[in-house]
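Engineer: Using this note's numbering, you'd call the opening residue of the sequence shown number 375 and step up by one each time.
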Amino acid sequence: MNPNPNDRRDQPQREQQQQQSSEGQQQQEAASGASQQYGEGNYQATRDYDRGVKEHMQTHDVEREARDAAPRSDAEEKEMEDAEAEGRSRARGPDDDMPEDGAPEDPGEDVK
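1) Please look up how many angstroms separate the CB atoms of E439 and P445, rounded, as I've assumed it's under 8 Å.
2) With H, G and I counted as helix, E and B as strand and the rest as coil, what does DSSP make of G415?
3) In this structure, does DSSP put A443 in helix, strand or coil?
4) Hey, could you find the ends of the alpha helix (DSSP H) A457 is sitting in?
5) Taking the alpha-carbon positions, what's the D422 to M454 distance?
6) Which value, in whole angstroms, describes the spacing of the CA atoms of D448 and R462?
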């Protein structure tokens with residue numbers, strides 16, 4: 375007797391395999407956030423951020439907030455500048471590990 379691919383005896387096993395595959399895919403999507411993001415960004419988060427900024431600009435005195443955030447002394451101004459310089463020193467910029475053409479350097483290449 376030739377095995378029939380449509381034999382009903384194999385159907386429960388195939389259904390179980392399909393269900394497991396589907397569950398695995400759903401778990402991967404949940405773990406990666408794929409079901410919540412589209413393309414390269416999270417559009418809902420961007421809309422929420424934009425909405426929050428717009429609301430803040432309309433309901434707060436932004437000029438006063440800027441004045442309140444300004445340094446109150448020369449020592450505080452220096453402290454803020456030092457903190458900014460430290461942050462910038464840790465940030466990667468266009469000059470860090472990138473040659474002029476923008477392509478990453480070959481780690482095996484001797485740079486002189």
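Note that beta-carbon positions come from the ideal geometry of N, C-alpha and C, so glycine has one too.
Quick caveat, the model's predicted, so the values are computed rather than measured.
Structural biologist: So, to answer that:
1) Contact annotation, E439 with P445: C-beta distance approximately 14 Å; criterion of less than 8 Å not satisfied.
2) strand
3) Secondary structure at A443: helix, using DSSP grouped into helix, strand and coil.
4) A457 -> alpha helix (DSSP H) spans 448–464.
5) 30 Å
6) Counting only the Cα atoms, R462 lies some 21 Å from D448.
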